Structures are given as structure tokens and as C-alpha cells.
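Residues in the sequence shown are numbered consecutively from 26, following our numbering.
Backbone N, C-alpha and C fix where the C-beta goes; we use that ideal spot for every residue, glycine too.
All of these numbers come straight from a predicted model, not from anything done at the bench.
In what follows, a single structure is set out as C-alpha cells and then discussed.
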Amino acid sequence: LLLKLGVQSSAVYSDFLASCRRNLNDQLSTIQSQKQEAVDVLEFVDNCCSAFLADLSLVTALSQRFFPNQARSVEEVNSTSVIETPYQGSLNTSTLNFCLCLRE
Numbered sequence: 026l027l028l029k030l031g032v033q034s035s036a037v038y039s040d041f042l043a044s045c046r047r048n049l050n051d052q053l054s055t056i057q058s059q060k061q062e063a064v065d066v067l068e069f070v071d072n073c074c075s076a077f078l079a080d081l082s083l084v085t086a087l088s089q090r091f092f093p094n095q096a097r098s099v100e101e102v103n104s105t106s107v108i109e110t111p112y113q114g115s116l117n118t119s120t121l122n123f124c125l126c127l128r129e
């Protein structure tokens, strides 16, 4: 709606990222506190990780759909060393792009 009203996409995208960052950080804090309480591993994965990963996927899809021009290029993502993982080649590029934006 804000984009249709003529608000600059960069401002809307910044607000979108800030909101997502707060939400995902809150979820990570919850995950860390539950991890320290030594709950059953299956319950932990079901309650925490699946919700976090679902929200991360949703945020990534929304980011791609509504802000396609704000995404980083594949070359820029591949050349950065912010996330070092042996699975980097198989990660969904959009998810990696969004995670890098959240870390900024």
C-alpha cells in the first residue's frame, strides 16, 4: 500500500527489514532460552526451529516479491565472507541475500 501511495521503495524496504530483524531476533532469543532449558530435542525442533525457518522463508519470499530491485546480486553474495559454511553453494540465493541484509 505504501508503495502504491508513492513512498520510496528504499524507505519501505528499510522499515520492512527492521521489522523482520526484530521479529527474527526475538525468535532466536526464544530459541536460545529454550535450548538452555534442555527440552526434548524433537520438541525443540518442532516448536522453535520449524517456526523460525518458516518465518525466514516467508520474509525472504515477501522481500523477493515486493522489493526485487533491492536484492543483492548473486556475484556480490558469493564474494562476501559474512556467512562461511560448507553448504553455501547449495543455499537458496534469495535466502542468503536476505540473511546478509538482516546482518547489516
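Which residue wins for smallest C-alpha separation from Cys74, given the options Val84, Leu87, Ser88 and Ile56? Ile56
Residue closest to Leu81, alpha-carbon to alpha-carbon, out of Ala36, Leu49, Gln95 and Lys29: For Leu81, the nearest C-alpha among the options comes from Leu49.
According to DSSP, is Asp65 helix, strand or coil? coil
Does DSSP classify Phe92 as helix, strand or coil? Assignment of Phe92 by DSSP, reduced to helix, strand and coil, places it in the coil class.
Simplified DSSP state of Leu27, which is helix, strand or coil: coil
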